[in-house]
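Going by the working numbering, -11 is the number at position 6 of the sequence shown; the sequence numbering is gapless.
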Amino acid sequence: MHLINKHKIKLQTRGRAHWIDKSTKIFHKVYKKDNLLDDPNSIKARLSQIVELTDTMKFMPKTSYLYEEDILRMDQRQLIKQADLKEINPKNRLSLVEQFSQSLDEVYEDGFIHGDINRKNIIYSEDRLCLIDFEPSLLQVKDRVQQWMSTRPYRHHEDIQNNNITVKSDFLGFGCFVKWFLLNDNPPQYYADECSKVISDFKVQSFPFQNLTRLFVN
């Protein structure tokens, strides 16, 4: 892939660059290979898992990866946004959340951790809530700083203490989104403490996202 100058500059300074090819409707994202800090075997397994999941799960846009010398390239089908999340009819929101939680439970059963579930990575497309932005490595060098690929307010305090990312952070991001999406009166991060307490007391069994939905809604 030939990178134009502005993408080359971003890749060198930030460790990544992204753009949308309007003719093919493909979202491209490139990473410096050396900036992906997870174990190489773990990265390989994660990439394979993402490709497989996005090939079968309707709520995840089809995604592929390709190494080109010292660069990893991600190609992701661009979703057509039907409406902004705030514009969705409130009467339809709970059913959308329930459908979303069922899909998340399916990828949870496959052992997949997204790492950064929040409203910026959720799009309303094809009459459902869709999840995007699948990082190849949860630990990276970004903007010349080593960091976890998770938005701080939605990273569970136990993960912060243990210096990792687990499904608890996915639970927290999901919970904050659900509260914001259904109540629509405060920003998602407002609910972080409340949701974190629920998650700390939550016993993970089958269908955790669906069970958490019931707790967050009540």
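The beta-carbon is built from N, C-alpha and C at its ideal position, and this holds for glycine as well.
State the start and end residues of the unbroken beta strand (DSSP E) segment that holds histidine -10. Careful: histidine -10 lies outside any beta strand (DSSP E), inside the alpha helix (DSSP H) at -12 to -3.
Under the rule that 16 or more other beta-carbon atoms within 10 Å means buried, what is lysine 12, buried or exposed? buried
Tell me whether arginine 135 sits in a helix, a strand or coil according to DSSP, three-state version. It is helical.
Quick one: what's methionine 57 bridged to in DSSP? For methionine 57, which the question treats as bridged, DSSP gives the partners Lys12 and Tyr48.
Inspect the beta-carbon positions of tyrosine 48 and aspartate 58 and report whether they are closer than 9 Å. Result yes, Cβ atoms of tyrosine 48 and aspartate 58 sit closer than 9 Å.
Can you find the residues in the same chain that come closer than 7 Å, C-beta to C-beta, to phenylalanine 192, ignoring five residues on each side of it along the sequence? Non-local C-beta neighbours of phenylalanine 192 in its own chain, meaning closer than 7 Å and more than five positions away in sequence, comprise Ser84, Leu87, Asp88, Tyr91 and Phe157, ordered along the chain.
What are the partner residues of serine 179, as DSSP defines its beta bridges? Answer is none; serine 179 lacks a bridge partner.
Same chain, Cβ closer than 6 Å to leucine -14, five either side skipped, listed in chain order: none
Cut-off 8 Å between Cβ atoms - residues of its own chain near lysine 64, not counting five sequence neighbours on either side: Within the same chain, lysine 64 has close Cβ partners Ile106, Tyr107 and Ser108.
Inter-residue CB distance, isoleucine 96 and tyrosine 137 (contact presumed, cutoff 8 Å): Between tyrosine 137 and isoleucine 96 the Cβ distance is about 13 Å, and since that is not below 8 Å, they are no contact.
For phenylalanine 190, which residues in the same chain have their Cβ closer than 6 Å to its Cβ, ignoring the five residues on either side in sequence? Asp88
Express the C-alpha separation of lysine 69 and glutamate 52 in angstroms, rounding to a whole number. 42 Å
State the DSSP-derived secondary structure class of valine 187, mapped to helix, strand or coil. Correct three-state label for valine 187: coil.
So what does arginine 111 bridge to, in DSSP terms? Ser108
Compare the beta carbon distance of leucine 62 and isoleucine 26 with 9 Å and say whether it is the shorter of the two. no
Whole angstroms are fine: how far does the CA of glutamate 35 sit from the CA of proline 44? Their Cα atoms are separated by approximately 11 Å.
For serine 133, which option in Asn145, Glu118 and Pro171 has the closest C-alpha, if you only look at C-alpha atoms? For serine 133, the nearest C-alpha among the options comes from Glu118.
If you draw a straight line from the alpha carbon of lysine 8 to that of arginine 60, how long is it in whole angstroms? Approximately 6 Å between the Cα atoms of the pair.
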